[in-house]
Amino acid sequence: MTEDPDRDRHLHRRDLLKATSLPVAAGFLGGGVGFGLARLSADERLDDERVKPPRPRRIFMADGPGQHTGFQDFLDSLEDGDTALIDGCFEIRGATVRASSVQILFGAGARLLLSEPFEDGLVVKGDRVSFDGGILEGPGSWNGVNTPWQHAMVHVMGEDFLARDVTLLQVPKVGFGIRGAGARIRDCRITGGYPEHSWTGVETGHFGIAFDPSTDESSVLSGSVQGCDIRSCVQGISMANHGSGAAGAYSVANNSFQDCHNHGIYAQSGQGSLITGNIFIGCQVPIVVTGKDHTVSNNILRARMDSSSRDLVGINVRDAVDCMVAHNVIRGRASAESVAISLDGMAGEAVTGNVVSDNTISLEGTGRPVIRVGNNAVICEHNTVSGNSVRGGGQDGQGAIVVTATTASAGGRFNDVVSNSIRVGAAAAGILLERQIGATVRGNTVTGDMQSAGGGQGAVELRSCTKVFVEGTLWRAGGDDNDTEPIRDIGGSGNYFAGNVREGHEGLEAIPAVSGT
5 MTEDPDRDRH LHRRDLLKAT SLPVAAGFLG GGVGFGLARL SADERLDDER VKPPRPRRIF
65 MADGPGQHTG FQDFLDSLED GDTALIDGCF EIRGATVRAS SVQILFGAGA RLLLSEPFED
125 GLVVKGDRVS FDGGILEGPG SWNGVNTPWQ HAMVHVMGED FLARDVTLLQ VPKVGFGIRG
185 AGARIRDCRI TGGYPEHSWT GVETGHFGIA FDPSTDESSV LSGSVQGCDI RSCVQGISMA
245 NHGSGAAGAY SVANNSFQDC HNHGIYAQSG QGSLITGNIF IGCQVPIVVT GKDHTVSNNI
305 LRARMDSSSR DLVGINVRDA VDCMVAHNVI RGRASAESVA ISLDGMAGEA VTGNVVSDNT
365 ISLEGTGRPV IRVGNNAVIC EHNTVSGNSV RGGGQDGQGA IVVTATTASA GGRFNDVVSN
425 SIRVGAAAAG ILLERQIGAT VRGNTVTGDM QSAGGGQGAV ELRSCTKVFV EGTLWRAGGD
485 DNDTEPIRDI GGSGNYFAGN VREGHEGLEA IPAVSGT
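One rule links them: number in the working numbering = place in the sequence shown (from 1) + 4.
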């Protein structure tokens, strides 16, 4: 650490002045500490406040295990603006914080044990309440029954709640259950405790954190989660899936998710959320979000590669409008149930104005497209897929990167697939466009798999497309089999092909489009 002589001098002077003031015990009784600090300069008092925690006005110290009837009385005694210290190991059952602007500090030995799995632990009804530290432990693992959540280990009904450095163990249903807007979860550890062998794929109602707004929050920051470690929950974070209100934006940054059996993050509504800098290990379809203006960037998604059929990787943005999926690293195993990055329509909605760029994706095996835009979308237009590195994966008879729409007349329009590097793993095209009008496919490099050379592999395939511009494609066939047709135009009209080349035995050579049925 760089030496700061001025600061060292101030601290030394502060220590000397403190030594001349009354003892600490006398300070609490007679003001001695306050008198000593009054003699410090303004800068020194500010420095002193930075290095010491706030002094609690009220203290609850449990004297042994078991339920303490006086705990609720203690919480009821808190007034707006109080700072309280809670310490000791004891049971709780539906204890409620009603005051606002309360800071609750949990001591080093604070361990609160939930006595009932189907009731709340701590309930927060006041606004601007904060919890610092402490451990809350549930009575056992979730029972696997899918019911709407009604209770939580920490059930937050007030607004602007803050949890910092809190540990939740053995989550019986929901860890943090949040109804109010503006909640912040920081540097917390949540271990759900639901065993992998108990999850069959249909159990979904178990959450590390559940944000469910009760009012319209569409124009505000609904909540944020940063620096947390979330493990062995069926859903790591659930956002706006059950409540009656409309969700706004969420910020989920720099967290780790491990063995969240169904999803790491799952959101059925929201607008303008940021999901960035997270690590997902062993989560099935780690990220699912729905709606407009979302950014999903700089995340790492990694399967355990232990042959588990549930250990999949994927980012799914549903009804995506003006969303960005960029700079993510995805490593896993392809399957018939998994797309690495998919922007899909749900209930016939539009997929428009999105960007999928600069992602690095490496998959073993084949099964589904690696990047898919417009599946089940009536309108799929003005989307860009660019700069991605794709290795492996893909679906036989389809493509590694697929841009599609339900009907050509309705809306597969003006989509761009530009400057991607693709190594085809399946008997498929590197790029497949279906029912598109006015698309651009430019500057892509596609390499065939040496183990599956020929046999339906190719660079670009158009199906029922019109006025598509295909330029500057480089095709490298796998092995010595160069008989495959790299560019195919099936059932199209008015498409234009220019400057597309292949690596042949004698070097680079131009390749024409081949029409087919």
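Built from N, CA and C at the ideal position, the CB exists for glycine as well. Keep in mind it's a predicted model, so treat the numbers as computed, not measured.
Short of 7 Å from the beta carbon of GLU489, and not among the five residues preceding or following it, lie these beta carbons of its own chain, in chain order: GLY462, VAL518. When only Cα atoms are considered, SER339 and GLY125 end up about 41 Å apart.
Residue range 166-168 is occupied by the beta strand (DSSP E) that includes LEU166. Take GLY85, set aside five residues on each side of it, and the residues of its chain with a beta-carbon closer than 6 Å to its own are SER105, in chain order. Bridge partners of TRP479 according to DSSP: VAL450, ARG506. In this chain, the alpha helix (DSSP H) harbouring GLN76 covers 74-81.
The beta carbon of ALA103 sits closer than 7 Å to the beta carbons of LEU82, GLU83, ASP84, ASP86, GLY130 from its chain, once the five residues preceding and following it are set aside; these are given in chain order. Looking at the backbone, the Cα of HIS210 and that of ILE182 are separated by about 14 Å. Closest option to ASN258, judged by alpha-carbon separation, among GLY252, ASP348, ASP233: ASP233.
For secondary structure counted as the alpha helix (DSSP H) over 4 or more consecutive residues, the stretch 383-429 holds these complete runs in sequence order: 412-415. Exclusion of the five residues before and after GLY184 leaves VAL160, MET161, GLY162, GLU163, PHE165 as the residues of its chain whose Cβ lies within less than 7 Å of its Cβ. With respect to the C-alpha of HIS267, the residue from ALA431, THR208, LEU79, VAL333 having the closest C-alpha is THR208. The three-state reading of DSSP puts GLU141 in strand, counting E and B together.
With a 10 Å radius around the Cβ and a threshold of 16 neighbouring Cβ atoms, ALA502 comes out exposed.
Of the candidates ILE213, ARG235, GLN239, VAL238, the residue whose Cα lies closest to the Cα of GLY227 is ILE213. Going by DSSP, MET309 is part of no beta strand (DSSP E) at all; its letter is neither H nor E. Per DSSP, ALA257 is one residue of the beta strand (DSSP E) stretching across 253-257. By the 16-neighbour rule on beta-carbons within 10 angstroms, MET243 is buried. Rounded to whole angstroms, the Cβ separation of VAL407 and VAL377 is 5 Å, and the two are in contact under 8 Å.
Scanning its chain for C-beta atoms nearer than 6 Å, with the 5 sequence neighbours on each side dropped, one finds around LEU278 the residues SER255, THR299, in chain order. Across the set SER301, PHE110, THR195, the C-alpha of THR195 shows the shortest separation from the C-alpha of SER236.
DSSP, read as helix, strand or coil, puts SER273 in coil. Of the candidates LEU79, ASP67, THR73, LEU89, the residue whose Cα lies closest to the Cα of ARG61 is LEU89.
THR451 is the residue among ARG97, THR451, SER423 whose C-alpha sits nearest the C-alpha of GLY398. SER104 sits in coil when the DSSP states are folded into three classes, being neither helix nor strand. Listed in chain order, the non-local C-beta contacts of ASN282 below 6 Å within the same chain comprise ASN259, ASN303, local neighbours out to five positions each way being set aside. Within the same chain, ARG322, ASN379, ASN380 come within 6 Å of ASP348 by CB-CB distance, once the 5 residues on both sides are set aside. Looking from the CA of ARG446, the closest CA among ARG467, ILE319, GLU475 belongs to GLU475. Residues of the same chain with a CB within less than 7 Å of the CB of ALA432, apart from the 5 flanking positions on each side, are GLY398, GLN399, ASP400, GLY401, GLN402, GLY403, ALA404, GLY460, GLN461 in chain order.
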